[in-house]
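So for the sequence shown, this note's numbering puts the first residue at 462; every next one is plus one.
Note that CB positions come from ideal geometry on N, CA and C, so glycine has one too.
Quick caveat, the model's predicted, so the values are computed rather than measured.
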Amino acid sequence: MSACCEPQGYDLVFNDREARRAAARYRRSGLTTLPRRTVELYRDGTIQGETLLEIGGGVGDFEVEMLCAGVRRAVCVDMSPAYDAVARELLAETGLTTRAERRVGDFAAHPDLAGPADLVAMHSVVCCYPDARRLLSAAAARARRFLVVSFPRDAWWIRTAAPLLNVYPRLRGSDWRFFVHPAATIVRAVTDAGLVLVRTEHLRFDVHAVFARP
Ligand SMILES: C[S@@+](CC[C@H](N)C(=O)[O-])C[C@H]1O[C@@H](n2cnc3c(N)ncnc32)[C@H](O)[C@@H]1O
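Here's what the structure looks like:
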């Protein structure tokens with residue numbers, strides 16, 4: 462896919478102000494529910510691995526926590542350059558800079574941005590991308606052992622809210638939209654890539670799913 466066909470202007474929504482707000486919230490109260498769940502599963506041994514690839518990692522708070530929990534090296538690919546500077550500050554603060562790498566780009570369009578990792582994670586990213594299958598296929602292909610994906614529940618009241626959420630990016634001229642992809646589409650994309658669904662947790666707004674490579 463050429464750059465002209467990739468969604469543009471994600472940094473108009475995921476901008477410096479949002480990045481600083483997300484980092485401040487993390488410093489104040491730690492990880493949000495979905496990434497925190499993944500760290501808990503890593504700490505209790507449900508998911509394992511020495512290397513992590515996070516796609517759409519935002520300010521990199523999850524990477525920081527996973528490196529503290531025992532991951533040896535982490536790579537984060539995010540298509541919003543605005544998050545990068547703030548993520549680097551967080552890594553520096555925690556003394557983890559040498560164990561983490563950041564790359565900027567659309568991972569669905571450019572899967573070569575990162576090599577394989579034991580554990581691949583995507584929290585609240587599929588809902589930001591129009592072509593769920595393309596993004597998930599690329600992510601699954603990089604997962605040596607586990608892929609963790611969290612995404613909004615395909616409930617009528619969440620689908621109803623989506624057009625309202627999309628007013629803001631339209632006004633800002635960003636291609637970013639909030640998508641409620643059917644759970645079946647998400648699971649199928651990953652299982653077609655050779656992984657099996659081993660754990661599903663239904664939260665109030667989201668689904669937290671763990672896939673493993675047999
Ligand atoms: C809603 S934020 C979630 C950030 C973080 N994962 C969290 O849970 O706080 C979605 C992030 O995914 C990134 N993103 C969306 N589609 C992407 C893609 N195809 N490749 C890389 N990053 C992507 C956006 O730039 C944004 O930073």
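Cβ-based burial, residue i [other Cβ within 10 Å; buried from 16]
i, result
"S490", "exposed"
"L656", "buried"
"H642", "buried"
"E499", "Residue identity check: residue 499 is Thr in the sequence provided, not Glu. Counting Cβ neighbours within 10 Å, T499 comes out buried, since at least 16 surround it."
"A543", "buried"
"P675", "exposed"
"V659", "exposed"
"D505", "exposed"
"Y629", "exposed"
"D579", "buried"
"R478", "exposed"
"H669", "buried"
"L664", "exposed"
"G510", "buried"
"A561", "buried"
"E662", "exposed"
"D653", "exposed"
The alpha helix (DSSP H) enclosing residue i, as first and last residue numbers
i, result
"I619", "617 to 626"
"D545", "543 to 554"
"T512", "Segment 512 to 516 is the beta strand (DSSP E) holding T512; no alpha helix (DSSP H) there."
"L528", "522 to 530"
"V474", "Segment: none, V474 is in no alpha helix (DSSP H) and carries neither H nor E."
"R649", "644 to 652"
Element boundaries [beta strand (DSSP E), containing residue i]
i, result
"S611", "604 to 613"
"L658", "657 to 663"
"L580", "578 to 584"
"V671", "667 to 673"
In DSSP terms, what residue i is bridged to
i, result
"D539", "V565"
"H571", "BP columns for H571 are empty, so no partner."
"R504", "BP columns for R504 are empty, so no partner."
"R534", "T512"
Selected residue, minimal CA-CA separation from residue i, among the options
i, options, result
"V618", "R605, R660, F666", "Here residue 618 is Trp; the residue named in the question, Val, does not match the sequence. The residue with the shortest Cα to Cα distance from W618 is F666."
"L608", "R564, I647, T555, A530", "I647"
"A616", "M527, P572, P577, F640", "F640"
"D539", "A530, V565, L626", "V565"
"A593", "G576, A570, P577", "A570"
"F568", "R638, V668, S541", "S541"
"R606", "P577, E662, Y487", "P577"
"A645", "P613, N627, W637, R638", "P613"
"A622", "R595, T652, D653, C588", "C588"
"R563", "L473, D472, E515", "E515"
Checklist entry - When the Cβ atoms of the stretch 530 to 541 are set against those of the stretch 596 to 615, are three or more pairs found closer than 8 Å? => result no
Next on the checklist: Taking contact to mean 3 or more Cβ pairs, one atom from each stretch, closer than 8 Å, check whether the stretch 543 to 556 and the stretch 498 to 513 are in contact.
Outcome noted: no
Next on the checklist: Within 8 Å, do at least three Cβ pairs link the stretch 554 to 562 to the stretch 517 to 529?
Outcome noted: yes
Checklist entry - Per the contact definition of three or more C-beta pairs closer than 8 Å, is the stretch 571 to 584 in contact with the stretch 510 to 521? => result Contact between the stretch 510 to 521 and the stretch 571 to 584 is established, with three or more Cβ pairs separated by less than 8 Å.
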